[in-house]
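Asks: Oh and the sequence shown: position 90 is 90 in the numbering used here, straight run, nothing missing.
Cβ coordinates follow ideal geometry from the N, Cα and C atoms, glycine included.
First the structure, then my questions, so here it is.
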Amino acid sequence: MNLNDFKLIVTSGPTREWLDPVRFISNPSTGQTGWQVARNGVGRFREVVYICGAAHREYCNVEGARNISVITTEDLALAVQSEVGPRSLLIMAAAPADFTPAHPGEQKIKKQAGAGMNLELKPTTDVLKSVSELDHTNFFRVGFAAETTQVREHALEKMERKKLHFVCANRVYREEVGFGSHDNTLFVLDREGQEETLGPCSKELLARHLLDYLILRMQTLSDSTVR
1 MNLNDFKLIV
11 TSGPTREWLD
21 PVRFISNPST
31 GQTGWQVARN
41 GVGRFREVVY
51 ICGAAHREYC
61 NVEGARNISV
71 ITTEDLALAV
81 QSEVGPRSLL
91 IMAAAPADFT
101 PAHPGEQKIK
111 KQAGAGMNLE
121 LKPTTDVLKS
131 VSELDHTNFF
141 RVGFAAETTQ
151 VREHALEKME
161 RKKLHFVCAN
171 RVYREEVGFG
181 SHDNTLFVLD
191 REGQEETLGP
201 CSKELLARHL
211 LDYLILRMQT
221 LSDSTVR
């Protein structure tokens, strides 16, 4: 497998779903993991595309990559759909919001004294699922699963449901790992039942180890799984 013919697409950071013009639903992802992965991919692939949500400023752009900025989960879905194709590796390290307000306010929602507010939410676009049905040859899909309990079980279920080739799972309830931390540990599972633990180590080193491992496993996966 010649990686010089492959395109790497990395998503990173959180998305925002607007409640009104000044408030939104999001999460504390900084975007560091995806940024480190994209950085490590520059020079190893034909092209690197970095699709970034509302990440911390230092993780918004990758030198040597084609950078695309998005805000909402729908923006992210459209960007990913437009970039994937044959001979591509999609690493979905972004942390998109799973729900969006069903009726966002056109103006700032005012607080009424003593009154609460009922917020109706609807699911956002499932980005990975939206591209899993595309009939591209040699299109590898890598998902991330940030879990608090039953990490392996949830990761396996996600890989099956979203038709992924790999899933990278981590626990986010521990203060020293997960969102906003310097170090992390990933449990990488693939379609053929292989499992690998990467870390604990810095996210910079973890990104390098992850890419090395994915490239190695990509070359051993059978053609029948790469659809």
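#1: Is DSSP giving A77 helix, strand or coil here?
#2: On the criterion of 16 or more Cβ atoms from any shown chain inside 10 Å, does K162 qualify as buried, or is it exposed?
#3: Taking the alpha carbon of F24 as the point to measure from, which residue in C52, G41, A145 and T73 has its own alpha carbon closest?
#4: Give the secondary structure of Q149 by DSSP, where H, G and I count as helix, E and B as strand, and everything else as coil.
#5: Just the Cα atoms here: how many angstroms apart are G199 and G143?
#6: Which residues does DSSP pair with Y50 in a beta bridge?
#7: Taking the alpha-carbon positions, what's the M117 to R16 distance?
#8: Closest to L90 by C-alpha separation, out of R208, G105, L214 and R152, would be which residue?
#9: Distance, Cα to Cα, V172 vs E83?
#10: Within 10 angstroms of the Cβ of P96, are there 16 or more other Cβ atoms? Answer buried if so, exposed if not.
#11: Assuming R217 and D190 are in contact, meaning their beta carbons sit under 8 Å apart, how far apart are those beta carbons, in whole angstroms?
#12: Since A145 and K158 are thought to touch, with beta carbons under 8 Å apart, how far apart are those beta carbons, to the nearest angstrom?
#13: V62: which of V49, S202 and D183 sits nearest, CA to CA?
#14: Between L128 and L164, is the Cβ-Cβ spacing less than 8 Å?
#15: Leaving out five residues before and five after P104 in sequence, what residues of the same chain have Cβ atoms less than 7 Å from its Cβ?
#16: Identify whether W18 lies in helix, strand or coil by the three-state DSSP scheme.
#17: Which value, in whole angstroms, describes the spacing of the CA atoms of R46 and K110?
#18: Note down the Cα distance separating S224 from L119, rounded to an integer number of angstroms.
#19: Pick out whichever of I68, L211, F99 and K122 has its Cα sitting closest to the Cα of E196.
#20: Whose C-beta lies closer than 7 Å to the C-beta of A65 among residues of the same chain, with five residues either side of it excluded?
#21: According to DSSP, simplified to helix, strand and coil, what is N2?
#22: Using the three-state DSSP reduction, which class does T233 fall into: helix, strand or coil?
#23: Which residue from T100, F139 and L206 puts its Cα closest to that of R87?
#24: Of the residues D75, S26, N27 and A93, which one's Cα is nearest the Cα of G34?
Replies: Looking at the atomic coordinates:
#1: helix
#2: buried
#3: T73
#4: The question names Gln, but residue 149 in the sequence shown is Thr. If DSSP states are grouped into helix, strand and coil, T149 belongs with coil.
#5: 18 Å
#6: V10 and N67
#7: 20 Å
#8: L214
#9: 29 Å
#10: buried
#11: 6 Å
#12: 5 Å
#13: V49
#14: yes
#15: W18, L19 and D20
#16: strand
#17: 51 Å
#18: Because the pLDDT at S224 is just 47, under 50, the model does not fix this residue reliably, and the value given afterwards should be weighed accordingly. Distance between the alpha carbons of S224 and L119: 44 Å.
#19: L211
#20: A38, V42, V48, V49 and Y50
#21: coil
#22: Outside the shown range of the chain, which is 1 to 227, sits residue 233, and nothing can be said about it.
#23: F139
#24: A93
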